[in-house]
Amino acid sequence: MAAPPPPLPRRDRPPLPDPRTFSPPGPQQPYPSEGAFSPQQQPSSPSSSISAPDLCQNGSDFGSCLQLNYDAISKRHEEELHSLESLRMHIFKRQKVDKEYSDSLQRINQSCERSAQFPVATTSPVVQAWKVFLQVSEKLQAQLSSSSDQMKSMIEVVDELIKNKRGAKKVSDDQRIQLDTEFTNMCNHVQDLRRDYRKHLRATEKCRNTLQSLHQKQAKANEVERSRIKRNILGQYCSCLDYTKLYEDSFALINDALSQVERESEYVQFIRDNAKDQAPIENFEFDGTLLSAPCAPSDVQAGQIVINNLTHKAMADK
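Okay, so the sequence shown: first residue is 1171 according to our numbering, each after it adds one.
See below:
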């Protein structure tokens, strides 16, 4: 039987990064407003000492919770693997010893069976006792041989368990590496998002300040324009008041001048001054059939001419 394989060496991994304090390689630094500490940066004080279950239950440090869980799982895998290897070593040694003891007893029993051919075998108590001893020895040898075979099968079962445990540990380590990578990528992505968010906050603050400045400037410009428009309106209103006064004064003078004029004599004098040589009087006959037309005026009579007097008095009568 070959010697059992040595136990797998323990592979220590660096702790997972804390998502609040982790920063990718480069000039990035954790934000001072976070106030978070990694497990190595936690202040050592009696009041701040928190056990691992309390730390995970409080949810104050997700990275530390992952690290504690990974360490616990890895430690359990290693302890179980170490226990299985120790059990295999014990069973292997026990099977080897039982096999050697069984073979030795078998050789001894085979070499001692010739004594049963003695003539005094049926009468000698010593020979009878010797036969009983040989029977017990053969029974013990058979039990040791059966135990050796059983332990051999147990070694195969333990080997299968060790193989499965190593496979489970390998899968756990691979998943841990994958989770470490994903967690690191997630932390990097979160840092990028936080950096972009702070950039957008600064841009938003800058835009807000610019908007406030423009609003203040526009408010001042509106106030100046309002004052200018108000001044112009007041000036135009004053001008309108002046024109109104002038208009009233002018019409007062015109009315005074017109009140002193005799309208009838003035009109007659105007006609006389502007009269021209009158044309000779022509006699004409009025067609009386026009008065019977539907559109003929009712106040028109044949042989009569009406001339509208355009004087102020005649117009007032109208």
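Even for Gly, the Cβ is constructed at its ideal location relative to N, Cα and C.
Query                                                                                                                                                              : Result
On a Cα-Cα basis, can you pick out the residue from Val-1360, Gln-1386, Phe-1353, Gln-1276 that is closest to Leu-1236?                                            : Phe-1353
Below 8 Å, can you find three or more Cβ-Cβ pairs linking the segment 1252–1270 to the segment 1318–1335?                                                          : yes
Taking Cβ to Cβ, would you say Ser-1246 is nearer than 8 Å to Ile-1325?                                                                                            : In the sequence as displayed, the identity of residue 1246 is Arg instead of Ser. Cβ atoms of Arg-1246 and Ile-1325: not closer than 8 Å.
Going straight from the alpha carbon of Leu-1371 to that of Cys-1357, what length do you get?                                                                      : 20 Å
Looking only at its chain, what residues have a beta carbon closer than 8 Å to the beta carbon of Gln-1406, apart from the 5 residues adjacent to it on each side? : none
Give me the Cα-Cα distance between Val-1306 and Pro-1295, rounded to the nearest whole angstrom.                                                                   : 16 Å
Taking 6 Å as the limit between beta carbons, can you name the residues of its chain near Ile-1332, skipping five residues before and five after?                  : Leu-1254
Along the chain, where does the alpha helix (DSSP H) containing Thr-1374 start, and where does it finish?                                                          : 1295–1429
Tell me which same chain residues have a C-beta within less than 7 Å of the C-beta of Asn-1279, skipping the five on either side of it?                            : Leu-1304, Ser-1307, Glu-1308, Gln-1311
Less than 8 Å between the beta carbons of Leu-1314 and Leu-1275, yes or no?                                                                                        : yes
How long is the line joining the alpha carbons of Glu-1249 and Asp-1231, rounded to whole angstroms?                                                               : 27 Å
Using a Cβ-Cβ cutoff of less than 6 Å, which residues in the same chain neighbour Pro-1185 once the five nearest sequence positions on both sides are dropped?     : At Pro-1185, the pLDDT of 45 sits below 50, so the modelled position is not reliable; the number obtained from the coordinates is stated separately. Around Pro-1185: Gln-1237.
Would the beta-carbon of Ser-1342 fall within 8 Å of that of Ile-1261?                                                                                             : no
Can you say whether Thr-1191 is buried or exposed, counting buried as having 16 or more other CB atoms within 10 angstroms of its CB?                              : Confidence at Thr-1191 is low in this model, with a pLDDT of 48, below 50, so its placement is unreliable and the value that follows should be read with caution. Classification of Thr-1191: buried, given that the 10 Å Cβ count is 16 or more.
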